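Only one structure is covered here, and it is reproduced in the block below.
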Amino acid sequence: MFFWSLVLIAVGIFSSFIYGRSRIKLNSKKQGTKSKSLPNYYAQYVLMWCLFPALIVYFSWAIFQEQIIQNIVISNFEFIEGAVYNEGLLLAEIRNVANNPSFADGKSIEIINAASHYSSLRQISQISFYTSIIIIMLLGALYASQKLKPEFHAQHTIEKYIQYILIFCSSVAIFTTIGIVFSLIFESLRFFAEVSIFEFLFSTEWYPFIPIREGQTAAEGSFGAVPIFAGTFLVMVVAMCVAAPLGLLTAIYLAEYASPRVRKTVKPLLEILAGIPTIVYGFFAFVSVAPFVKAFGQSIGIDASPTSALAAGMVMGVMIIPFISSLSDDVINSVPQSLREASLGIGANKAETIKKVILPAALPGIVGAFLLAISRAIGETMIVVVAAGTAPNLTGNPFENVTTVTVQIVVALIGDQEFDNPRTLSAFALGLVLFVITLFLNIIALQIVKRYRERYE
Amino acid sequence: MSNSKILANGVDVYYGSKQALFGISMDIKEKEVTALIGPSGCGKSTFLRCINRMNDLIEICKVSGSIKVDNEEIISEKTDVVSLRSKIGMVFQKPNPFPKSIFDNVAYGPTIHGLVDSKNDLEEIVHSSLKKAGLFDEVKDRLNEPGTSLSGGQQQRLCIARAIAVNPEIILMDEPCSALDPIATAIIEELIDDLRLNYTIIIVTHSMQQAARVSQKTCFFHLGELIETGETNKIFTNPDNTKTQDYITGRFG
Numbered sequence: 001m002f003f004w005s006l007v008l009i010a011v012g013i014f015s016s017f018i019y020g021r022s023r024i025k026l027n028s029k030k031q032g033t034k035s036k037s038l039p040n041y042y043a044q045y046v047l048m049w050c051l052f053p054a055l056i057v058y059f060s061w062a063i064f065q066e067q068i069i070q071n072i073v074i075s076n077f078e079f080i081e082g083a084v085y086n087e088g089l090l091l092a093e094i095r096n097v098a099n100n101p102s103f104a105d106g107k108s109i110e111i112i113n114a115a116s117h118y119s120s121l122r123q124i125s126q127i128s129f130y131t132s133i134i135i136i137m138l139l140g141a142l143y144a145s146q147k148l149k150p151e152f153h154a155q156h157t158i159e160k161y162i163q164y165i166l167i168f169c170s171s172v173a174i175f176t177t178i179g180i181v182f183s184l185i186f187e188s189l190r191f192f193a194e195v196s197i198f199e200f201l202f203s204t205e206w207y208p209f210i211p212i213r214e215g216q217t218a219a220e221g222s223f224g225a226v227p228i229f230a231g232t233f234l235v236m237v238v239a240m241c242v243a244a245p246l247g248l249l250t251a252i253y254l255a256e257y258a259s260p261r262v263r264k265t266v267k268p269l270l271e272i273l274a275g276i277p278t279i280v281y282g283f284f285a286f287v288s289v290a291p292f293v294k295a296f297g298q299s300i301g302i303d304a305s306p307t308s309a310l311a312a313g314m315v316m317g318v319m320i321i322p323f324i325s326s327l328s329d330d331v332i333n334s335v336p337q338s339l340r341e342a343s344l345g346i347g348a349n350k351a352e353t354i355k356k357v358i359l360p361a362a363l364p365g366i367v368g369a370f371l372l373a374i375s376r377a378i379g380e381t382m383i384v385v386v387a388a389g390t391a392p393n394l395t396g397n398p399f400e401n402v403t404t405v406t407v408q409i410v411v412a413l414i415g416d417q418e419f420d421n422p423r424t425l426s427a428f429a430l431g432l433v434l435f436v437i438t439l440f441l442n443i444i445a446l447q448i449v450k451r452y453r454e455r456y457e
Numbered sequence: 001m002s003n004s005k006i007l008a009n010g011v012d013v014y015y016g017s018k019q020a021l022f023g024i025s026m027d028i029k030e031k032e033v034t035a036l037i038g039p040s041g042c043g044k045s046t047f048l049r050c051i052n053r054m055n056d057l058i059e060i061c062k063v064s065g066s067i068k069v070d071n072e073e074i075i076s077e078k079t080d081v082v083s084l085r086s087k088i089g090m091v092f093q094k095p096n097p098f099p100k101s102i103f104d105n106v107a108y109g110p111t112i113h114g115l116v117d118s119k120n121d122l123e124e125i126v127h128s129s130l131k132k133a134g135l136f137d138e139v140k141d142r143l144n145e146p147g148t149s150l151s152g153g154q155q156q157r158l159c160i161a162r163a164i165a166v167n168p169e170i171i172l173m174d175e176p177c178s179a180l181d182p183i184a185t186a187i188i189e190e191l192i193d194d195l196r197l198n199y200t201i202i203i204v205t206h207s208m209q210q211a212a213r214v215s216q217k218t219c220f221f222h223l224g225e226l227i228e229t230g231e232t233n234k235i236f237t238n239p240d241n242t243k244t245q246d247y248i249t250g251r252f253g
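Structure representation (structure tokens):
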């Protein structure tokens, strides 16, 4: 149904465009004056007045139709039956019978009646849907065609409309973000209604199991997130230990030493590293790096577990190298050439120039790059899910199993669970904390980068 | 030829396939101010940047010919560019102090060249360089403030102080006043006149009045060629070449 209505709308806007174009030509010929804008703008004007009302009708039908029909069917049904039913199951049954009459065998007469009611309502809705789309497009075109006079500034109006469209598009992302934040906050509030916020933030026991049945003897859940944050921090530190020196030195090589040809090849190659799906890094960490870490640990007499903070952190470090190298390379490049010349002109060699002039000048930007990389590392999920383990150990030993915020969110949401117990709700609280941390890191990083930019421009 | 400081012979410069300088030969005397004048794009800055090998920074730039500083060839693979540049200071068109304190700006050169053993020596060099650049009295109370906080003219004098702190013999100036107002320009010109007693100075300038005021020798460049060179007085009053005549009387350029 909705496919054919799209075809209908397409035909409508195509003909409205043609109509608008020929109509304005005709009108201006009749009046003997030249139109204020080019004919295409008048055509677009008619088109927009056709398209947008039709889209509004289309989407409101798509969103509300099923809901309204179901409500009508259900309300009639209960009136007849008077018994208490599970609404969702009942509706599913009615829909099944309506869509596939062979299911009708053995169903009660009320359900069969309701199903036929449902089908007829759908048919009515469909017909009225097509009619209203046609009517609304005609109305739009009619309204627009009254404006098709040569003295009407179609171009200005079109530009205004385009501005509205752009504002609408950009607000979609913003409102989505706001929506996400609010849902995080509200679900977290539900969590904190059951678990005290102090326990969550300061207790060191993470044991997110709750009795599934009434009277089960399983231990009461305990939701102290400290080991999780400690694990996240540990993995992040390992990752930065790998990524910071490698990334920064790469950036220095690319920006100061590499010939333009090398730079042009190497930089995109490095950026490919950032494009590898993180799950691929994850099983690389698990299959190749973790056994190596375990063997290495044994050779120096440390008992390493098969999944460890070190393995996950090292691979994550490799993953964020391009963030650091690429951003730092840009920052180093934007240090003005005049500073290089000044330093070299005094007789400093290249290394002195880089160490004493360029890196200090680029430092704020480099710090910004590091902070962005850290927030990426904290939010990273798949590598740690596969390679860091799920045991909430409070430890500073990178050879041990640890778990991170993102891993615990995954664990909390796996399986058939309703969002009504602290175990699943804890995902939102963890997500909220993660969101707040990365948000702050990003704000600080962007602020630093911005201030640095202003200094040289 | 006895006291010639810089002796250029048949210098050609190419940017890629485009030739920017055509067989420049020039003899620059010690402790004089030589002005390089000419219309934009005539190659005078390019020539200046050959003298301290600053053109090395431009990948596509190829220099051939011979330039001798104190009878030592500098257009050669074997030249020690770092020690050459410590002997030849450079002041750029736009003041380019480091984003460090005033003190650190001047101390930068002496520190990297290991010219000082103690903090006191360093302080002394910084102070005397600032004095020579005529900036000391203005900044002596705020040596720890960033060099970028100074005015344009002060920044340019800071750059001069930075250049002379490593005790060079030659100072190259690439349009040092083009970003400055007339008052700051006058101060710098006076400074150049003082510096002449101790340093050999080569200055690129767009302003013919400036060349006439500060220089003893003037070289006129046009389209990559050295058209005429001689005493500043003579160039500005009675040039041999009609192109020079046209340029200084403002008929082109």
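Protein chains in written order, with the numbering used here: chain A, 1 to 457; chain B, 1 to 253.
Heads up, the beta-carbon is just placed ideally off N, CA and C, and yes, glycines get one too.
In this text the structure is predicted, and so the values were computed from the model without any measurement.
Proximity test, Cβ basis, 8 Å: TYR108/B and chain A:
With 8 Å as the cut-off, TYR108/B counts as an interface residue toward chain A.
By the 8 Å beta-carbon criterion, what residues does the region 35-58 of chain B contribute toward chain A?
ASN52, MET54, LEU57
Any beta carbon of chain B sitting closer than 8 Å to that of LEU254/A?
no
8 Å is my cut-off, CB to CB: does ASN397/A come that close to chain B?
No, ASN397/A lies away from the interface with chain B (no Cβ there is under 8 Å from its Cβ).
At a Cβ threshold of 8 Å, is ILE346/A touching chain B?
yes
Can you pull the DSSP bridge partners for MET173/B?
VAL91/B, ILE203/B
Can you list, in chain order, the stretches of the alpha helix (DSSP H) that have 4 or more residues and sit fully within the region 85-126 of chain A?
Uninterrupted alpha helix (DSSP H) stretches at least 4 residues long and entirely within the region 85-126 of chain A occur at 87-99, given in chain order.
Helix, strand or coil, according to DSSP, for ASP12/B in the structure here?
strand
Euclidean distance between Cα positions of GLY89/B and TYR108/B
Rounded to the nearest whole angstrom, the CA to CA distance from GLY89/B to TYR108/B is 13 Å.
At which residues does the alpha helix (DSSP H) containing PHE283/A begin and terminate?
278-284
is_contact[ALA356/A, chain B] using C-beta, thresh 8 Å
The sequence shown places Lys at residue 356/A, rather than the Ala named in the question. Yes, LYS356/A lies at the interface with chain B (some Cβ there is under 8 Å from its Cβ).
Return the bridge partner residues of TRP206/A from the DSSP annotation.
Partner(s): PHE223/A.
Alpha carbon of PHE59/A to alpha carbon of VAL238/A, nearest angstrom
49 Å
Are the C-beta atoms of SER338/A and some chain B residue less than 8 Å apart?
Answer yes: the Cβ-Cβ gap between SER338/A and chain B drops below 8 Å somewhere.
6 Å CB neighbourhood of ASN442/A in its chain, flanking five on each side removed
Hits under 6 Å: SER375.
So, under 8 Å CB-CB, VAL57/A and SER132/A are touching, yes? Tell me the CB distance rounded to an integer number of Å.
6 Å
Short check: CB of GLY153/B to CB of LEU191/B, under 8 Å?
8 Å or more divides the Cβ of GLY153/B from the Cβ of LEU191/B.
Since GLY230/B sits in a beta bridge, which residues does DSSP pair it with?
THR218/B
Less than 8 Å between the CB atoms is what I'm expecting for TYR143/A and TRP49/A, so what's the real figure, rounded?
6 Å
In the region 247-302 of chain A, which residue ranges form an unbroken alpha helix (DSSP H) of at least 4 residues, counting only runs that do not cross its ends?
260-275, 278-284, 290-299
Out of curiosity, what's the CA-to-CA distance linking THR237/B and HIS222/B?
19 Å
Please name the residue or residues paired with ALA35/B in a DSSP beta bridge.
ILE203/B, THR218/B
8 Å Cβ cutoff, ASN333/A in contact with chain B
no
Distance between VAL33/B and ALA255/A (C-alpha atoms, nearest Å)
CA-CA distance, ALA255/A to VAL33/B, rounds to 38 Å.
Around the C-beta of SER188/A, are 16 or more other C-beta atoms found within 10 angstroms, so that it is buried, or is it exposed?
buried
Are VAL139/B and LEU130/B closer than 8 Å when you measure CB to CB?
yes
Short of 9 Å Cβ to Cβ, which residues in the region 356-386 of chain A face chain B?
LYS356, VAL357, PRO360, ALA361
Where VAL405/A falls: helix, strand or coil (DSSP)
If DSSP states are grouped into helix, strand and coil, VAL405/A belongs with the helices.
Exposed or buried, which one is PHE428/A when buried takes at least 16 other CB atoms within 10 Å?
buried
Does the distance from the C-beta atom of ALA348/A to that of PRO99/B stay below 8 Å?
no
Based on Cα-Cα distance, which residue from SER4/B, LEU36/B, SER17/B lies nearest to TYR247/B?
LEU36/B
Quick check on PRO97/B: does DSSP put it in helix, strand or coil?
coil
Could you spell out the range, first to last residue, of the alpha helix (DSSP H) harbouring ALA487/A?
A query on residue 487/A cannot be resolved here, the shown segment of chain A reaching from 1 to 457 and no further.
Closer than 8 Å, Cβ to any Cβ of chain B: which residues of the region 134-160 of chain A, in chain order?
none
What does the alpha-carbon distance come out to for the pair TYR45/A and LYS450/A?
Taking the straight line joining both Cα atoms gives about 41 Å.
Own chain residues within Cβ distance below 8 Å of PHE229/A, not counting five before or after:
VAL405, VAL433
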